[in-house]
Amino acid sequence: MYYIEIKKSATNIFFLFVLLNFSFLTSQNNQANLNKKNLVESFGFEEYVLAINNDSIHYYLYKKKSHTINNVILFIQGSDPSPQFSYSKSKNGYLKYNNFIKNDYKNIPDNYGYIVVEKTGFERLIDENNIKVPKIYHQKNSLQHRVNRINNVINSLYKKYQLTKIVVYGHSEGAPVAAKLATINTKITHLGFWAGNALPDFFDTILDIRKSYQMKEISIEESDSSINEVINYFSNIITKDSLNTDVDDFGYTNKRWFSYSEPPINNLLKLDIPIYVQVASKDENAPIESTYLIPLEFARLGKKNLNFNICSGCNHSFKIIGENNEIINKWEKIFKGFMSWVNSN
């Protein structure tokens with residue numbers, strides 16, 4: 255998360271820009287100007303609203319000033335139910351502008367626009383210290399819902415600009431969204447599938463349980479019993495109420511679980527556009543053991559449109575945690591490599 259702080263003084267209110275992996279030029283403001291437009295624009299983005307079938311789709315566009323864009327790159331985040339932008343007020347009089355968007359937009363070519371679509375229910379101006387997951391988020395949250403919204407944004411952008419390349423990359427839960435989206439929207443020219451699972455979530459859970467047994471963390475009986483519980487849990491979702499939107503102990507709904515049970519590899523294999531798969535060897539959320547299936551299936555079917563990459567020693571966020579808990583963040587390097595690949599394909 256990145257933020258800008260606004261500090262009160264005796265005579266004025268001025269921006270104090272806090273450096274967290276980035277820097278900003280100073281700019282004057284005051285708390286009376288706290289609104290969504292000012293917040294979003296303080297990070298260089300503009301907010302747009304697309305009205306489609308009783309749905310107001312909010313998305314954010316970053317582009318370099320005085321440059322015309324003819325390519326766009328759209329990022330799809332994971333499952334975290336939170337806004338892309340928020341603010342917070344501290345007890346000592348600081349007002350902070352918060353940005354949950356990665357720094358990738360700072361590393362795009364001049365003729366690119368960078369797009370992020372807001373999740374349903376988080377469109378308003380939100381206080382960081384009082385983020386509540388709105389009911390409508392869980393009611394709507396599904397693979398198809400996210401795909402449909404982003405698909406509409408891409409179609410709108412395509413009409414507005416003379417676009418040559420439309421690059422879509424998704425991380426974590428955003429990866430299967432991106433893969434599904436690319437099977438529907440043929441305007442997409444390049445796909446990034448980052449830290450996504452090749453098979454459904456429940457298979458990865460079973461795999462993790464089995465690994466726990468192999469590491470002697472649990473007994474074989476506990477492993478078998480836990481795996482059966484996972485299978486039964488998923489079976490009950492399918493057979494009893496796959497569209498239920500009550501939130502379970504994991505923070506998800508049956509509707510969400512069911513929609514993401516479609517194996518992402520099935521959608522990847524349908525595509526002929528260039529695909530950049532980025533996995534992490536120590537991914538705690540999307541086990542690399544299952545994602546190895548992706549290059550194997552592409553090879554078996556004779557498909558030549560895959561670029562498969564492993565971040566050795568990296569976790570789900572593409573960070574390496576050292577023995578003394580020092581952190582090496584590989585994300586920026588990976589993104590730059592991804593953009594280099596886009597430009598050469």
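Each step along the sequence shown adds one to the number in my numbering, with nothing skipped, and position 334 is 588.
Every residue, glycine too, gets a C-beta built ideally from N, C-alpha and C.
Alpha-carbon to alpha-carbon, residue j and residue i
i      : j      : result
TYR423 : ILE474 : 39 Å
SER594 : ILE588 : 10 Å
ASN284 : ASN292 : With a pLDDT of only 47 at ASN284, under the threshold of 50, the placement of this residue in the model should not be trusted; the figure read from the coordinates follows. C-alpha separation (whole angstroms): 11 Å.
ASP502 : PHE512 : 13 Å
MET469 : ILE438 : 41 Å
GLN331 : HIS321 : 26 Å
GLU551 : LEU523 : 8 Å
TYR341 : LEU315 : 19 Å
ASN559 : VAL531 : 11 Å
GLY591 : ASN583 : 14 Å
ILE460 : PRO517 : 15 Å
GLN338 : THR493 : 35 Å
THR443 : LYS345 : 48 Å
ASN395 : GLU476 : 33 Å
TYR313 : SER296 : 16 Å
ILE327 : VAL407 : 12 Å
SER479 : LEU453 : 21 Å
ILE630 : VAL421 : A query on residue 630 cannot be resolved here, the shown segment of the chain reaching from 255 to 599 and no further.
GLY556 : LYS434 : 21 Å
ASN599 : ILE527 : 10 Å
SER515 : ASN308 : 27 Å
LYS389 : ARG554 : 44 Å
ASP364 : GLU301 : 20 Å
THR374 : GLU580 : 36 Å
PHE278 : ILE369 : The pLDDT assigned to PHE278 is 30, lower than 50, so where the model puts this residue is not dependable; a value taken from the coordinates is nonetheless given after this. Cα to Cα, PHE278 sits roughly 20 Å from ILE369.
HIS399 : ILE472 : 38 Å
Residue i CB to nearest heavy atom of the ligand MN below 6 Å
i      : result
ASP537 : Ligands displayed in this structure: none; no statement on the ligand MN is therefore possible.
Simplified DSSP assignment, three categories, for residue i
i      : result
ASN520 : helix
GLN393 : helix
ASP309 : strand
GLU295 : helix
GLY605 : No information on residue 605 is available, as it lies outside the stretch 255 to 599 that the chain covers here.
PHE329 : strand
SER362 : For clarity, residue 362 is Ile in the given sequence; the question names Ser instead. Residue state, collapsed to three classes: coil.
ASN283 : Since pLDDT at ASN283 reaches only 40, below the 50 mark, its modelled position is unreliable, and the value read off the structure follows with that caveat. Coil.
TYR467 : helix
ASN597 : helix
SER535 : coil
SER566 : coil
LYS290 : helix
ASP503 : coil
LEU525 : coil
ASN357 : helix
PHE457 : helix
SER277 : Its pLDDT being 30, under 50, SER277 is placed unreliably in this model, and the value from its coordinates should be taken loosely. SER277 falls in the coil class under three-state DSSP.
ASP334 : coil
Minimum Cβ-Cβ distance from residue i to chain C less than 7 Å
i      : result
PHE376 : Included in the structure is just one protein chain, with no chain C present.
Limits of the unbroken beta strand (DSSP E) element including residue i
i      : result
HIS399 : Not the beta strand (DSSP E): HIS399 falls in the alpha helix (DSSP H), residues 397 to 414.
ILE369 : 366 to 371
Residue i - partner residues in DSSP beta bridges
i      : result
GLY446 : TYR423, TYR530
ILE582 : ILE574
GLU300 : LEU315
ASN561 : TYR530
ASP381 : TYR341
Span of the alpha helix (DSSP H), counted from its first residue to its last, around residue i
i      : result
VAL387 : Per DSSP, VAL387 belongs to no alpha helix (DSSP H) and is neither H nor E.
SER320 : Note, SER320: premise wrong, no alpha helix (DSSP H); not H, not E.
VAL431 : 428 to 438
ASN486 : 474 to 494
PRO549 : 547 to 554
SER513 : 508 to 513
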